[in-house]
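Per my numbering, the very first residue in the sequence shown carries number 1; after that it's consecutive.
Working notes for the structure below.
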Amino acid sequence: MEFKNLTVETTNNIATVTINRPAALNALNEQTLADLQRVFTETHDNDGAQVIIITGSGKKSFVAGADIVAMQQLSALEARRFSKLGHELMRSIETYSNPVIAAVNGFALGGGCELALSCDIRIAAENARFSQPEVNLGVIPGFGGTQRLARLIGKGRALELLFTGDMIDAAQAYEMGLVNKVVPQEKLLETAMEMATKIINKGPYAVRQVKEAVRNGLEMDLDRANQYETELFGLCFASLDQKEGMLAFLEKRPANFVGQ
Ligand code: CAA
1 MEFKNLTVET TNNIATVTIN RPAALNALNE QTLADLQRVF TETHDNDGAQ VIIITGSGKK
61 SFVAGADIVA MQQLSALEAR RFSKLGHELM RSIETYSNPV IAAVNGFALG GGCELALSCD
121 IRIAAENARF SQPEVNLGVI PGFGGTQRLA RLIGKGRALE LLFTGDMIDA AQAYEMGLVN
181 KVVPQEKLLE TAMEMATKII NKGPYAVRQV KEAVRNGLEM DLDRANQYET ELFGLCFASL
241 DQKEGMLAFL EKRPANFVGQ
């Protein structure tokens with residue numbers, strides 16, 4: 001696949017997507033949103049990537065937000081459409097059948113923080129900085145920040161960040177549960193790749209069901225969510241991966257999963 005503002009490199013079923021607009025600190029304009037959307041809609045479950053890592057080009061910025069130059073003159077209807085494009089992308093990432101890891105290599109501001117929030121796991125370089133600075137520009141987040149930030153770190157902390165636009169460093173983000181891990185910048189991609197490799201060696205069918213179960217279950221009450229888990233657990237026993245995984249355990253050998 002060829003893209004205008006991205007590069008995609010796939011090794012061992014792990015795709016690393018690098019957002020590449022260094023002159024604008026990788027800000028998300030319409031073209032970049034469209035490029036990212038293609039990655040998630042055109043990559044199919046079985047012959048696509050088993051894990052996707054998203055990062056930014058350079059050492060300074062993951063994504064410095066939605067593109068302010070592109071937004072400045074938008075009418076209300078155009079802004080609504082732009083927000084919708086962003087939302088569609090974030091949802092495509094969140095509902096992508098396989099895990100998506102954000103490797104945050106610097107500024108993750110506004111739409112950049114929202115992009116990281118839509119991923120399943122966030123690994124931050126020590127120089128990563130997070131904020132939802134939209135109130136500085138007289139607007140609110142438009143790619144899900146008012147929703148996903150509160151769901152991830154709780155209402156009080158989210159509202160503080162959203163009201164003040166304060167920028168927090170990687171250590172503070174870790175303390176709040178906004179990121180899973182903080183590592184030196186030079187180890188960032190290596191750490192993301194290690195985690196991805198660990199994941200792809202598990203039963204792929206089960207990994208996909210885990211993502212489904214957690215994502216959908218969080219939107220249900222506990223009884224329904226547990227019932228949903230029960231159904232997915234049952235379904236695992238119709239997979240080749242379950243048969244292979246349990247047989248391999250009993251035969252004391254590594255499993256050869258096929259992802260079905
Ligand atoms: N959109 C467009 N261009 C951007 C940008 C953005 N979000 N962020 C940075 N740039 C551009 C700058 O305009 C500058 O371009 P020029 O060289 O042509 O002037 C270039 O990237 C480098 O930026 P700076 O010179 O500002 O670099 P710095 O190191 O001094 O500061 C920064 C870095 C703190 C990230 C600063 O650029 C900044 O505050 N950027 C804006 C961050 C922001 O407000 N993001 C939220 C956008 S709104 C949003 O995202 C809404 C939504 O939810 C949908």
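Note that the Cβ used here is the ideal one computed from N, Cα and C, for glycine as well.
Per-residue DSSP class, three states only, for residue i
i: K211; result: helix
i: A15; result: strand
i: A255; result: coil
i: A66; result: strand
i: A27; result: coil
i: V135; result: helix
i: E219; result: coil
i: F82; result: helix
i: R151; result: helix
i: E75; result: The identity of residue 75 in the sequence shown is Ser, whereas the question assumes Glu. S75 falls in the coil class under three-state DSSP.
i: C113; result: helix
i: E175; result: helix
i: E2; result: coil
i: P22; result: helix
Opening and closing residue of the alpha helix (DSSP H) in which residue i lies
i: L36; result: E30 to E42
i: L109; result: L109 -> not in any alpha helix (DSSP H); beta strand (DSSP E) instead, spanning F107 to L109.
i: F130; result: Careful: F130 lies outside any alpha helix (DSSP H), inside the beta strand (DSSP E) at R129 to S131.
i: G245; result: L240 to L250
i: K340; result: No information on residue 340 is available, as it lies outside the stretch 1 to 260 that the chain covers here.
i: R224; result: L222 to C236
i: L162; result: K155 to T164
Start-to-end residues for the beta strand (DSSP E) that takes in residue i
i: L6; result: L6 to T11
i: F62; result: S61 to V63
i: T95; result: Neither: T95 is in no beta strand (DSSP E) and is coded neither H nor E.
i: I54; result: V51 to G56
Residues bridged to residue i [DSSP beta-bridge criterion]
i: A124; result: V104 and V182
i: T146; result: Note: T146 sits in no beta bridge, so no partner.
i: D169; result: R129
Beta carbon proximity, residue i to chain C, threshold 9 Å
i: Q31; result: No chain C is present in this structure, which holds just one protein chain.
Nearest-angstrom beta carbon gap, residue j and residue i [assumed within contact, 8 Å]
i: L232; j: E212; result: 6 Å
i: V207; j: N98; result: 7 Å
i: V173; j: F130; result: Per the sequence presented here, residue 173 reads as Ala, with Val not at that position. About 5 Å separates the two Cβ atoms, so the contact holds.
i: A103; j: A192; result: 4 Å
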